[in-house]
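In full-length UniProt numbering, the protein residues as written are 1 to 515.
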């Protein structure tokens, strides 16, 4: 929306609005100078904050006010109305705040407030670790390092990553960036100067060989040792590799890292056709991105429907139809058994021909370091409600962590970006001794062409699927229930309902955690 058009349709908040124009609990967007400002009223108090989410620019006026916070409708970031602080990932940057004056039954927005600086919060023991080491350069590792410095932790932070690139916005790699709709400068979570400015010792291409829990040291492949007082293991997951003949050819790709994505983009610049193996979220997001580049795409997958295991048959049928409308050809209940140059032979006996192949057949948690160190394992690294492993002073977060989920009452491991970021934030607080339980409802979003799918909760099984709205009309809320209880909710263009479901799940989890 053009700025001029916005101003014509929004009030100048510096000139004031009637107090009665903003009902209790209501939101109103206007502007001050050249900036869009969101007003939120809570009883007799009125807050003025930046109007767009600092993650991807979601319109907070369409979000949900919960207490003294507002949640973004797009990807569920949460901001403090009083300070503008980004309380929960995927947003990290705070919102601007303005002073507000109530005069003569009118609301006036004044000057932008200076950012406040809080003091370091420590746990009951008052003991602050001098050295914190983070193993992993993904979502959880970055979020932990960022939160530690935001909490004004002054000690040493060393972050080991075996990647060649600083932490990146991985969801974009299979979505807008791969589709050619997002510039490269959007991909790093922070510029390289962020790490030096915040005294975060980020070491790239660093291969950690082992963790010596007895001596409190991380051992690198070259034998070098780095001591720690607290350690966060955030090694993430790695793609499952094809083991069929021909899988190691240079035109056969997986997508996990920034380098992987750039290699696929380079291949796509001259290619006319591609085969995607796997109908997972990553596989189908890759298919949609390649179709945006006018590449013919065939998807081969063993299941009867795309993503049926996670989203059920109705949503699976919708997703298949959506991709077929956009030109994707499916070969379901089939698998690739060999790759010979441009030819891919299927178990059905069919042969497909394409310029390159992208394998999206799943990921597995990278638990080798934890296993070698003797940490508790159960298809992941077992942690308690505070994300602590069975080794003193060592925490785990992200794709490797299996934690007790108070909503389902089960130990779960979830490979979602926002979960990893939020766990990294919680782990950071607990490494400082704050004893904060991780009780956020799992959340992820997936983008297919212009259709966003939001998912809150976690349902590995269900006995009922309740659909509110019309899936085919792209307007629905789908509840996955077990024994009458909603475990997860998927939605298309039902942002407030999705946020409300998240809040209700977290209310239930908080109640359970206090028992």
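Every residue gets a Cβ at the ideal spot worked out from N, C-alpha and C, and that includes glycine. Everything numeric in this text was worked out from a predicted model, so none of it was measured.
Query: Assigned exposure category for residue 36 - 16 Cβ within 10 Å defines buried; Result: buried
Query: Residue span of the beta strand (DSSP E) that contains residue 516, given as start and end; Result: Only positions 1 to 515 of the chain appear in the structure, and residue 516 is not among them; the question remains open.
Query: Segments assigned alpha helix (DSSP H), at least 4 residues, entirely inside the region 185-272; Result: 192-197, 258-268
Query: Contact check, residue 242 vs residue 361, beta carbons under 9 angstroms; Result: yes
Query: Identity of the residues DSSP links to residue 411 by a beta bridge; Result: 404
Query: Beta-carbon proximity of residue 343 to residue 335, cut-off 9 angstroms; Result: no
Query: Rounded distance between the beta-carbons of residue 252 and residue 339, thought under 8 angstroms; Result: 6 angstroms
Query: For residue 183, the three-state DSSP class (helix, strand or coil); Result: coil
Query: With 16 other Cβ atoms within 10 Å as the buried cut-off, status of residue 212; Result: exposed
Query: Closer than 8 angstroms: residue 404 CB and nearest the ligand PLP heavy atom; Result: Ligands in the displayed structure: none, and consequently the ligand PLP is not present.
Query: Test item: CB-CB of residue 176 and residue 271 under 9 angstroms; Result: no
Query: Backbone secondary structure at residue 497 - three-state DSSP; Result: helix
Query: CA nearest to the CA of residue 475, picked from 464, 483, 490; Result: 490
Query: Proximity to residue 450 [Cα-Cα], best of 325, 436, 498; Result: 325
Query: Buried or exposed by the 16-neighbour rule on C-beta atoms within 10 Å, applied to residue 102; Result: exposed
Query: Minimum C-alpha distance to residue 144 - residue among 504, 425, 285; Result: 425
Query: Range of the contiguous alpha helix (DSSP H) that encloses residue 315; Result: 308-325
Query: Touch test, the region 391-408 against the region 424-443, Cβ-Cβ under 8 angstroms, three pairs minimum; Result: yes
Query: is_contact[residue 72, chain B] using C-beta, thresh 9 angstroms; Result: Judged by its chain identifiers, the structure shown contains no chain B, having just a single protein chain.
Query: Best match in 105, 497, 79, 456 for proximity to residue 20 [C-alpha to C-alpha]; Result: 105
Query: Neighbourhood of residue 3 by C-beta distance below 8 angstroms, restricted to the same chain and skipping five residues each side; Result: Residue placement at residue 3 cannot be trusted, given a pLDDT of 40 that sits under 50; the coordinates are not used to answer.
Query: Spatially closest choice to residue 388 from 378, 379, 401, by CA coordinates; Result: 401
Query: Helix, strand or coil at residue 18 according to DSSP, with G and I counted as helix; Result: strand
Query: Residue 505 versus residue 32: straight-line alpha-carbon distance, rounded; Result: 37 angstroms
Query: Expected contact under 8 angstroms - CB spacing of residue 237 and residue 134 to nearest Å; Result: The pair is not a contact, with the Cβ atoms about 17 angstroms apart (cut-off 8 angstroms).
Query: Validate contact between the region 253-264 and the region 292-301 using beta carbons, cut 8 angstroms, 3 pairs; Result: no
Query: Endpoints, beta strand (DSSP E) assigned at residue 69; Result: 69-71
Query: Spatially closest choice to residue 310 from 69, 478, 93, by CA coordinates; Result: 478
Query: Coarse secondary structure for residue 422, derived from DSSP in three states; Result: helix
Query: Residue nearest to residue 53 in terms of C-alpha spacing, selected from 155, 39, 73; Result: 73
Query: Test item: CB-CB of residue 88 and residue 96 under 9 angstroms; Result: no
Query: For residue 462, three-class secondary structure by DSSP; Result: coil
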